[in-house]
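Chains as they are written, first to last, in this note's numbering: chain A, 17 to 457; chain B, 693 to 1004.
Put into structure tokens, the structure is as follows:
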């Protein structure tokens, strides 16, 4: 045991002290935020590009239907423009040609352009025209007060969803549950790959460095493999820990700055809401009711359960995949040889990830249920289901299967590792790997 | 008494037998050579002694008791496939490897200091291994092998990768360790070094121990009854050429200004050397008479039936 802890200590400290660890830990959240922001930024920058659109209205009925906006300016031309003229003049982004009354002939609007127009442009034209026609049609019925009747018949409601549970009623939000599930799943998915890969590289490096025989003459190969898996896992947990601290810190900072009561229990929020109502009645509202609503829904999510499950599933899933990766790393001599063995693993993880995404739509579906029991997919799929509420027995069963398989997997991996790590030269086949498992110690 | 005894070791891999009933007995404080061509099973035997892998049958005794896994703390092993963590500093690396062998932190620190000073490389302590030359790395590797003062040392091709100067330093260190009481197993293809430093050997070929014993008896047992003689051209035997007869056969002959030399083979191996000398004295004036014993290299080739693949 003391040798195992020596290995863990050495491997852990070597990794944590690396500059790249610190940089990645701090940079990853920034990168994630940046990735979310990039589409928005692209949208903002690309829309600065003004496009001229020429409207050729041969009916004269639709002058001014399309209004200039941030993206498009519309010019209305006389009705005599021929297709020949349009073909020769490519300055406008597009031509909109209306040949007939659209109420009688819905096919009478055509868009001509020199370059392929975008779907969003066509959508915009369609929407503007349909809205105009809608009103024109209504006006053509000539019923007094019709507009008012229609406006009044547009009833809008706000849905509050409440789930019954042990504590009574809880405000819920499907959107929020999905978001939290997705984030947890993504974290696990990412960690399985990056930390599993780290284990694989480290095993491979020890093998190519030829240090491994020196080490296994002091410790059992199993201890060396486990020490590596455990220490890399601890590095992962350290990283998650730092992120949770950062997140809590940021959340706390935000709640201080905006006055959002993030860290309150449900009851506290209710009293807060009541006092706010009375405050509102006296005309002295202090908290934005929308903010309060968000906070209330946030508090409905069982964060303790999510964090505990996240850690348990991370540990179980990580051990399974890290053992697999360690076995691969031990069997090959160089990076290029890993591909053959990596492909099936990658496919399984990707499959789990997609099942996870679809499970958000149907968390109780049979696909989601079975995949949250199968140990290779359960860490990823179950994390999506948890925010929607999963029965305790299901959780326990899934975790029990996961941890039993994790132990089995480390056993299998250690058998392969033990043989592979001391063999150089030829890349083994799957058949040979199975033979190694059966070798006597 | 034997410090290490491997008795009737059998190790079977899927398609071939790596060791077939091999018994090796290493006397305490001896330097024991483990010889054999590539793939003969030497490394497998060494790995079994080191508890890296286990035998299918047979036992290993160390210092009189059945070997248990914690015995590896008394073994220093320099594998043929060896290396170090490239990114680690020399001091940290030695500390880690020493502690894996069961040394306490303080004890390890002392030993590191002792050895780095001994090799006059104390200033390397904070250097990363990748900054060192290959020869320097080999020195660190050697220190890592002996740092826990093992009673049994196993060197697998120790001289490969060493330049002659460092190889000599290494050889002297090995002899020094023996003087301090260590038992040493030495696996190599380098037959010259075997003759020079080994007391006893086992030659493993195709998974079996085919030749065992101390070097002198082995050479005696493999002698081909060849003798190198030189004799003078005095007045009575001027220009006399030694001729083969029914007692001896002349294999090679060379005439020189001072004296002639010849290599002769004794026809009857039961005849004593003195009888041979008497027979030759009747033909010429003997100046020198020396029996040619086969070198370990020749014995190796004869026994294995294939040329020695030298690693150097």
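All C-beta atoms in this analysis are idealised placements derived from N, C-alpha and C, irrespective of residue type, glycine included. These numbers were taken from a predicted model, which means no experiment stands behind them.
- The secondary-structure analysis by DSSP pairs residue 980 of chain B across a beta bridge with B:922.
- Rounded to the nearest whole angstrom, the C-alpha separation of residue 376 of chain A and residue 159 of chain A is 48 Å.
- Fewer than three beta-carbon pairs drawn from the segment 717-732 of chain B and the segment 202-210 of chain A are found closer than 8 Å, and the two stretches are therefore not classed as touching.
- Closer than 9 Å to the CB of residue 803 of chain B there is not a single CB belonging to chain A.
- From the listed residues A:400, A:385, A:27, A:421, the smallest Cα separation to residue 410 of chain A is found for A:385.
- At the C-beta level, residue 347 of chain A and residue 432 of chain A come within 9 Å of one another.
- Contact annotation: in the segment 705-733 of chain B, residues whose CB is within less than 8 Å of a CB in chain A are 705, 706.
- Straight through space, the alpha carbons of residue 161 of chain A and residue 170 of chain A are spaced by roughly 15 Å.
- For residue 244 of chain A, no CB of chain B lies under 9 Å from its own CB, so it is not counted at the interface with that chain.
- In the three-state reduction of the DSSP assignment, residue 347 of chain A falls in the helix class, which pools H, G and I.
- Taken residue by residue, none of the segment 967-985 of chain B has a beta-carbon sitting less than 8 Å from a beta-carbon on chain A.
- Separation of residue 886 of chain B and residue 783 of chain B (C-alpha to C-alpha, rounded to the nearest whole angstrom) is 33 Å.
- For residue 742 of chain B, same chain residues with a beta-carbon under 8 Å away, outside a window of 5 residues either side, are 764, 767, 769, 846 in chain order.
- The contact set of residue 318 of chain A on chain B, defined by CB atoms closer than 7 Å, is empty, because the minimum CB distance reaches about 43 Å.
- Between the segment 385-397 of chain A and the segment 356-372 of chain A there are three or more C-beta pairs closer than 8 Å, enough to call the two in contact.
- Going by beta carbons, residue 340 of chain A and residue 415 of chain A fall outside the 9 Å limit.
- For residue 776 of chain B, at least one C-beta of chain A is nearer than 9 Å to its own C-beta.
- The C-alpha of residue 904 of chain B is placed about 45 Å away from the C-alpha of residue 25 of chain A.
- For residue 404 of chain A, same chain residues with a beta-carbon under 6 Å away, outside a window of 5 residues either side, are 193, 379 in chain order.
- Within chain A, the residues whose beta carbon sits less than 8 Å from that of residue 744 of chain B are 229, 232, 233, 237, 438, listed in sequence order.
- Rounded to whole angstroms, residue 77 of chain A and residue 71 of chain A show a C-alpha spacing of 12 Å.
- Listed by position along chain A, the residues whose Cβ is nearer than 9 Å to that of residue 836 of chain B are 230.
- Against chain A, the CB of residue 767 of chain B has a partner CB under 9 Å away; the residue lies at that interface.
- At least one CB of chain B lies nearer than 9 Å to the CB of residue 451 of chain A.
- Going by beta carbons, residue 695 of chain B and residue 875 of chain B fall inside the 9 Å limit.
- Of all residues in the segment 409-439 of chain A, only 434, 435, 438 come within less than 9 Å of chain B when Cβ atoms are compared, listed by chain position.
- Contact note: residue 22 of chain A reaches chain B through 791, 792, using a C-beta cutoff of 7 Å and chain order.
- Annotation: the continuous alpha helix (DSSP H) that includes residue 167 of chain A extends over 162-169.
- The beta carbon of residue 455 of chain A sits closer than 9 Å to some beta carbon of chain B.
- Interface flag for residue 350 of chain A against chain B is unset, since no Cβ pair is found closer than 9 Å.
- By the neighbour-count definition (other C-beta atoms within 10 Å, threshold 16), residue 153 of chain A is an exposed residue.
- According to the DSSP assignment, residue 151 of chain A belongs to the alpha helix (DSSP H) that extends over 135-157.
- At least one C-beta of chain A is nearer than 9 Å to the C-beta of residue 773 of chain B.
- Taking a cut-off of 8 Å on C-beta distances, the segment 735-749 of chain B does not touch the segment 909-918 of chain B, as fewer than three cross pairs fall below it.
- In the three-state scheme derived from DSSP, where H, G and I count as helix and E and B as strand, residue 376 of chain A is classed as coil.
- Interface residue (Cβ-Cβ distance to chain A less than 9 Å): residue 935 of chain B is not classified as such.
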